[in-house]
Amino acid sequence: MPTFQAPQVPIPDDAKERARAFAFAVTGTVNYKDSNQDVIEKIRDDHFVSKLGEEAARILFEGRNCLVEGPDYGVYEAKRKSWAADLRVNDLEVAVKTQRRSAANRYGLSWTFGFAQTAHPILDRPMHGSVWLYSEDLKEGTECVVHPLRKIKQLIFEAPALQDWSVKNQAVYLRDADSARHHERMINSPYAVLLQIVTLSGAEGSLDSRGNCFASLKKQGVFKPICRRFRRLTRIFKTIRENSRVIRG
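Residue numbers for the sequence shown, in the working numbering: 1 to 249.
Written out as structure tokens, the structure reads:
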């Protein structure tokens with residue numbers, strides 16, 4: 001069975017060219033007024049990096065025999081823009097968050113949401129999942145490091161590291177999403193198995209028929225609650241068996 005020995009996903013030149021062309025084409029149709037961002041180069045780079053991440057996620061999921069729709073390279077006028085999923089992976093809507101390695105090292109791998117309104121179009125979609133990536137910019141070449149898929153409804157929000165953003169925004173940090181308590185909560189989620197179908201980073205173990213990478217899940221602490229319950233049941237059955245022998249004797 002295949003293993004995840006190389007979580008870095010190299011981005012081919014044709015994908016980079018598509019991302020670059022899209023970034024230049026779309027910049028004039030968007031604005032970042034909610035984050036006070038008006039630097040054209042920054043807006044263009046954000047879109048370029050975003051598409052690199054979507055391409056990396058597509059490459060990795062397709063390599064695991066998933067059916068992937070996207071990325072979408074259509075350029076729409078402002079009134080036609082939507083919060084549609086970045087990718088559809090086996091009919092699961094997936095939002096892809098990509099961050100440059102240099103920024104992630106400084107602020108933490110994170111995803112910032114605007115909460116100026118009472119609702120958020122991404123957070124209010126119960127079947128939405130997210131996949132997080134580093135876009136490597138601290139060494140030569142273009143590659144992304146892909147992290148496991150998350151269920152957006154179970155992410156933990158806090159104030160952003162940049163204080164200027166804290167008035168209207170909340171952020172999700174991967175360090176919180178990776179906490180043991182977070183994974184214990186996911187055990188009881190109906191989507192827990194679905195969200196662990198592909199462990200995309202740092203795993204060194206074979207995949208079973210369900211696509212679970214046991215080495216990575218064990219490292220993340222996912223199996224601890226299950227193991228405790230199994231040991232407890234084992235002790236109970238052992239006691240019952242011993243008592244049965246005493247009664248028969």
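We put the beta carbon where it would ideally sit given N, CA and C, even for glycine. This structure is a prediction, so every number in the text was calculated from the model and none was measured.
Each residue's CA atom was taken as its position, placing Asn90 and Pro148 some 16 Å apart.
Excluding five sequence positions before and after Arg58, the CB atoms of its chain that fall closer than 6 Å to its own CB belong to Val68, given in chain order. Runs of the alpha helix (DSSP H) spanning 4 or more residues and lying entirely within the region 55-107 occur at 101-107, in chain order. Our two residues, Lys97 and Asp45, have alpha carbons roughly 14 Å apart in a direct line. Distances from the alpha-carbon of Arg101 to those of Arg235, Gly63 and Thr142 put Thr142 closest.
Taking the Cα positions, Leu52 is about 10 Å away from Pro12.
Assigned with DSSP and collapsed to three states, Val49 falls in helix. Under DSSP, Glu143 shares a beta bridge with Pro10.
In this structure, DSSP gives Val39 a state outside helix and strand, which the three-state scheme calls coil.
Residue state for Val26 is assigned as helix, using DSSP reduced to three classes. The C-beta distance from Pro71 to Leu87 rounds to 7 Å, short enough to fall under 8 Å.
Contact check for Val146 against Ala56 passes: the beta carbons are separated by less than 8 Å. The DSSP-derived three-state label of Leu149 is coil. CA-to-CA, the gap between Ala21 and Val94 works out to about 23 Å. In this structure, DSSP gives Leu233 a helical state, which the three-state scheme calls helix.
When Gly74, Val39 and Glu62 are compared, the shortest CA-CA separation from Ala19 is found for Gly74. Straight-line measurement puts the Cα of Ile43 at about 16 Å from the Cα of Tyr76.
Cβ-Cβ distances below 8 Å link Thr27 to Ile40, Ile43, Arg44 and His47 in the same chain, with the five nearest sequence neighbours on each side left out; the list follows chain order.
Distance from the Cα of Leu60 is smallest, within the candidate group Cys144, Ala104, Thr234 and Glu242, for Cys144. When the Cα atoms are used, Ala15 and Cys66 turn out to be separated by approximately 19 Å.
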